[in-house]
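Visitor: Quick one: this structure, given as structure tokens, is what I'll be asking you about.
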Amino acid sequence: MSDLVWPLDLRPASQEFYIQTLSTVWASPYTGQNQVLERDGARWVSRLTFQRGDPLARQVDALIASLRGPAGTVLVPDWRTLAARGTLTGTPQLAGGSGRSLTVTGFAPGATGVLLPGDLIQTSPGRAHLVTGTVTAGLDGNALVPVEPRLRDPVAIGPLVTTACRVRMRLSSDDAGRNPTRPPRRSEWSLELFEVLA
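The numbering of the sequence shown is numbering that gives the first Met the number 0, which starts it at 0 and goes up by one.
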């Protein structure tokens, strides 16, 4: 089954969109000191609440039904960050990346604030990464961009994508289609989705 694409105009009434880390914390019974173990597996989580009447309610119902519970996948945007706030001066190209950094070429030499904390970058279909620091291009127009979560897949070399970035997600429950409805036919959905990790 191919990915569905969540329509940008089908906006939630409220949203949570964040990176869920995977850590274990334990305290020493002798000293009380905490030990923290960060494990691989940080992923995007989205919680969306919709309150709609006809005909948009039917559109939400159809999209949820098409996902067939957690079996299907959907490319979900973060409506708060549909475009980067950085200047993106030049013609930036995604050139590579590993770990928690991306290499971007083609910025105007020495340009400051080309990417800002909180901007999203689409690194491959269904994979988005959050810029964690202010990025300034070097005199050669190249920049090393700090991102979270860590890169799991090879990046798609080419033009830098910073608008309408989407994450490949699936519903967390078979009951996602529950839609309490109140007069006059106003329905409500509370959806939880999580990133699909390969």
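Just so you know, even glycine gets a beta-carbon here, dropped at the ideal spot from N, CA and C. These numbers were taken from a predicted model, which means no experiment stands behind them.
Suppose you measure from the CA of Thr72 to the CA of Arg167; what does that come to, to the nearest Å?
Guide: Going by the C-alpha atoms only, they are around 6 angstroms apart.
Visitor: In terms of DSSP beta bridges, what is Asn33 paired with?
Guide: Per DSSP, Ala26.
Visitor: Cβ of Gly125 within 8 angstroms of Cβ of Arg165?
Guide: The answer is yes: Cβ separation under 8 angstroms.
Visitor: When burial is assigned at 16 or more other CB atoms within 10 Å of the CB, is Pro76 buried or exposed?
Guide: The residue in question, Pro76, is buried, as its Cβ has 16 or more Cβ neighbours within 10 Å.
Visitor: Could you tell me which uninterrupted beta strand (DSSP E) segments, each at least 3 residues in length, are contained entirely in the stretch 114-151, listed from first to last along the chain?
Guide: If we require 3 residues or more, the beta strand (DSSP E) runs fully inside the stretch 114-151 come out as 119-123, 126-130, 142-147.
Visitor: Could you pull the DSSP bridge partners for Ser1 from this structure?
Guide: Looking at the DSSP assignment, Ser1 forms no beta bridge with any residue, so it has no partner.
Visitor: Going by beta carbon distance, what residues of the same chain come within less than 6 angstroms of Leu190, once the five residues before and after it are set aside?
Guide: Closer than 6 angstroms at Cβ, skipping near neighbours: Leu47, Ala175.
Visitor: Please confirm whether Val144 and Ser100 have their CB atoms less than 8 angstroms apart.
Guide: In this structure, Ser100 lies closer than 8 angstroms to Val144 by Cβ.
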